[in-house]
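Asker: Start counting the sequence shown at 240; every next residue gets the next number (my numbering). Note that the Cβ used here is the ideal one computed from N, Cα and C, for glycine as well. Please read these numbers as outputs of a predicted model, since none were measured by experiment. Below are the structure tokens for one structure; questions will follow.
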Amino acid sequence: MKNLIETTKLDKTIFQRPKFEEVIKEDLIFWGQDVLHRDQFIHKSAYIPLKNMIKMAAKDNIILEVLSIFRSYKYQENLI
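Structure follows, in structure tokens:
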């Protein structure tokens, strides 16, 4: 099982998740601030597709709001 990390939970069950490299700062684009006035960043590969999705939704009178846009793997692991 190439490119997988084993993660053990408290119940000793082994879960496998893909191994990804941390994103580099240069690959992130400033998106704006969240409702708590924290700076939010988005990966450059997702920026245009998300902008297009929001634009297309607006044509159907649907308002999409981004509440949480990017978390590094290290940050996410600290939440678990």
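Using only the alpha-carbon positions, how far apart do Asn291 and Glu316 sit?
Answerer: 30 Å
Asker: If the criterion is Cβ atoms closer than 8 Å, does the pair Glu261 and Tyr312 meet it?
Answerer: yes
Asker: Quick check on the burial criterion: 16 or more other C-beta atoms within 10 angstroms. Buried or exposed for Ile281?
Answerer: buried
Asker: Is there at least one non-hydrogen atom of the ligand ZN closer than 7 Å to the beta-carbon of His282?
Answerer: Ligands are entirely absent from the displayed structure, and the ligand ZN is therefore not among its contents.
Asker: Just verifying my parser: in three-state terms, what is the DSSP assignment at Asp273?
Answerer: coil
Asker: Closest by CA to Asp273, which one among Leu318, Leu306, Tyr314?
Answerer: Its Cα nearest to that of Asp273, the residue Leu306 stands out among Leu318, Leu306, Tyr314.
Asker: Which class does Ile287 belong to by DSSP, given the choice of helix, strand or coil?
Answerer: Here Ile287 sits in helix by DSSP.
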